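The structure under discussion appears below in the form of structure tokens.
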Amino acid sequence: MAEEEELSMAEATIVNVLEQKELKWIFVGGKGGVGKTTCSCMLAVLLARVRKSVLLISTDPAHNLSDAFSQKFTKTPTLVQGFSNLFAMEVDPTVESDNLEQMEGMGSFVSELANAIPGVDEAMSFAEMLKLVQNMDYSVIVFDTAPTGHTLRLLQFPSTLEKGLGKMMSLRNKFGGLINQVSRMFGAGEEFGENALMGKLEGIKSVIEQVNEQFRDPDLTTFICVCIPEFLSLYETERLVQELARFEIDTHNIIINQVLFEEDAVESKLLQARVRMQQKYIDQFHELYEDFHIVKLPLLPEEVRGTEALKSFAVNLTTPYRPEGGEAETKDLLTKGRIQELETEKASLQAQVLDLQSELEKQRKGKDLANS
Ligand SMILES: Nc1ncnc2c1ncn2[C@@H]1O[C@H](COP(=O)(O)OP(=O)(O)O)[C@@H](O)[C@H]1O
Ligand SMILES: [Mg+2]
1 MAEEEELSMA
11 EATIVNVLEQ
21 KELKWIFVGG
31 KGGVGKTTCS
41 CMLAVLLARV
51 RKSVLLISTD
61 PAHNLSDAFS
71 QKFTKTPTLV
81 QGFSNLFAME
91 VDPTVESDNL
101 EQMEGMGSFV
111 SELANAIPGV
121 DEAMSFAEML
131 KLVQNMDYSV
141 IVFDTAPTGH
151 TLRLLQFPST
161 LEKGLGKMMS
171 LRNKFGGLIN
181 QVSRMFGAGE
191 EFGENALMGK
201 LEGIKSVIEQ
211 VNEQFRDPDL
221 TTFICVCIPE
231 FLSLYETERL
241 VQELARFEID
251 THNIIINQVL
261 FEEDAVESKL
271 LQARVRMQQK
281 YIDQFHELYE
291 DFHIVKLPLL
301 PEEVRGTEAL
311 KSFAVNLTTP
321 YRPEGGEAET
331 KDLLTKGRIQ
341 ELETEKASLQ
351 AQVLDLQSEL
361 EKQRKGKDLA
371 NS
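The UniProt record's numbering numbers the first residue of the sequence shown as 1 and each following residue consecutively.
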């Protein structure tokens, strides 16, 4: 048994993430609806217990941190109710940054250039957001990311932007003071001039380079894949893991959500069939990702909404869920409850006996008095 445990694969929890005290950026990603928001919220709640300060950022345009915590969030970090060190914010990575608006103010030359570099506007606002967040000095930042395709594009931004900026720099060298001339021609002030713009772009470039380096450092950054035990999700996860490898971004945790357990399915043929179907894909996950931490979360009869629900469901991220374990616990609780009940009953019966005894004594004394 002990040997079996030693031979067994990586532990089936995300405790490894909680123990990695240097981690600064944690991405949580996967297909829509699999449980990314639920998992990133639970992870943030767990991290808040072991780290000084935690920031949870949703970059999914279909935000739902607000639904998960039953609290409204905006694009600035807000303290999550019931915590002293957990903050959350929702940002829209597709919104144009102020920088771009300023660039647009410079005339068509620069906006044409921006158009020539696809994704540069998104990259800029992502970079701006990272710069902002980096200056805020949180111990760890958890990203509830957009569905797969979008996430990968987000992680690609640093290199997209680096390329784009490189192109602009070389154009600047080629055309010398052309931008200045153009902007003077259109009456733009010095704040829109070439040097001001280039200074700003250089600033963003250095943030991007820094972040790029951090994202590729497995001590600082990791990506947690969330999925469900079905063919499409397995396939998507494999694609995601390969892309992450290509970007040199560490990933070694997979959360399989909405798992049905045999013990919970005894009543229904349909559920039993789904348990078998799920098990087939769970086995494949284990085969494909031998050295990953693979964490299973049970499918609940209800949604996971509100801080309390998140907290209690989060237990399954640190202790593998076992339906029979749960049953034993319930049995234990029932026994404890029954013992308490019996003790109360015994105490009340004892009190009644005492009452009856004193009543009896009184009656006897009365009788004695009457007789005397
Ligand atoms: N294991 C689960 N059992 C039951 N409901 C779940 C489970 N995990 C997530 N949910 C619910 O499913 C819905 C989608 O989950 P969510 O975390 O918002 O997914 P995503 O962010 O990937 O779109 C939410 O209403 C959530 O409360
Ligand atoms: Mg979500």
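The beta carbon of each residue, even a glycine, is placed where N, CA and C say it ideally should be.
Remember, predicted model here, so these are calculated numbers, not experimental data.
* Asked: Less than 7 Å between the CB of leucine 299 and some heavy atom of ligand 1, yes or no?
  -> Yes, the Cβ of leucine 299 comes within 7 Å of a heavy atom of ligand 1.
* Asked: How big is the Cα-Cα spacing for lysine 36 and isoleucine 57?
  -> Taking the straight line from one Cα to the other gives about 12 Å.
* Alpha carbon to alpha carbon, how far is phenylalanine 285 from leucine 132? -> The straight-line gap from Cα to Cα measures roughly 37 Å.
* Extent of the continuous alpha helix (DSSP H) run through histidine 293 -> For histidine 293, no alpha helix (DSSP H) run applies; the uninterrupted beta strand (DSSP E) run containing it begins and ends at 293 to 298, by DSSP.
* **CB of glutamine 214 within 8 Å of CB of threonine 222, strictly** => No, the Cβ-Cβ distance between glutamine 214 and threonine 222 is not below 8 Å.
* To do: Compute the minimum distance between the beta carbon of threonine 37 and the heavy atoms of ligand 2, and state whether it is under 7 Å.
  => Within the cutoff, so yes.
* Counterpart residues of leucine 55 in DSSP-defined beta bridges -> According to DSSP, leucine 55 bridges with Phe87, Ile141.
* Excluding the 5 residues preceding and the 5 following serine 233 in the sequence, name in chain order all residues of the same chain whose CB lies nearer than 7 Å to its CB. => The residues are Lys31, Val34, Cys227.
* **Same chain, Cβ closer than 8 Å to glutamate 11, five either side skipped, listed in chain order** => For glutamate 11, where only same-chain residues beyond five positions count, the Cβ hits under 8 Å are His293.
* Ordered along the chain, which non-local residues of its own chain (more than five positions away) have a Cβ less than 7 Å from that of alanine 44? -> Within its own chain, the residues whose Cβ lies closer than 7 Å to the Cβ of alanine 44, once the five positions on either side in sequence are excluded, are Val54, Leu56, Leu86, Val142, listed in chain order.
* To do: Under 8 Å by Cβ, that's how I've got proline 229 and isoleucine 256 pegged, so tell me the actual separation to the nearest angstrom.
  => Going by Cβ atoms, the distance from proline 229 to isoleucine 256 rounds to 5 Å, so yes, they are a contact pair.
* To do: Whole angstroms is fine: what's the gap from serine 84's alpha carbon to valine 259's?
  => Serine 84 and valine 259: Cα-Cα distance of roughly 33 Å.
* Asked: What residue range is occupied by the uninterrupted beta strand (DSSP E) comprising isoleucine 254?
  -> For isoleucine 254, the uninterrupted beta strand (DSSP E) run begins and ends at 253 to 259, by DSSP.
* Taking the C-alpha atoms as reference points, what is the distance between leucine 317 and glutamate 308? -> The C-alpha of glutamate 308 is placed about 15 Å away from the C-alpha of leucine 317.
* Identify whether phenylalanine 247 lies in helix, strand or coil by the three-state DSSP scheme. => Phenylalanine 247 carries a coil assignment under DSSP once its states are collapsed to helix, strand and coil.
* Asked: In this structure, does DSSP put valine 34 in helix, strand or coil?
  -> The answer is coil: DSSP assigns valine 34 none of H, G, I, E or B.
* Asked: The beta strand (DSSP E) spanning threonine 222 covers which residue range?
  -> Start and end: 221 to 227.
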